[in-house]
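Novice: My questions will all concern the structure given below.
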Amino acid sequence: MARQFMALGFTKVYVLQGGWQEWKRAGFPTERAD
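The UniProt record's numbering puts the first residue of the sequence shown at 1, with every later residue one more than the last.
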């Protein structure tokens, strides 16, 4: 999936160990106000 985003022009693409569920479980932010 990361490669697909990069092919679409996204430059800040990262692979998360444990995926999205692990990110949320760790309490990291999932939204940001612009």
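The beta-carbon is built from N, C-alpha and C at its ideal position, and this holds for glycine as well.
#1: If distances are taken between C-alpha atoms only, which option among G19, R3, W20 and E22 comes closest to V13?
#2: From W23 to A7, what distance separates their C-alpha atoms?
#3: What runs of the alpha helix (DSSP H), each 4 residues or longer, lie entirely inside the UniProt domain "Rhodanese" (1-32)?
#4: Quick check: what's the CA-CA separation for G19 versus R32?
Specialist: Answer, in terms of the structure:
#1: R3
#2: 24 Å
#3: Within the UniProt domain "Rhodanese" (1-32), the complete alpha helix (DSSP H) segments at least 4 residues long are 2-7 and 19-25, listed from N- to C-terminus.
#4: In a straight line, the C-alpha of G19 is about 19 Å away from that of R32.
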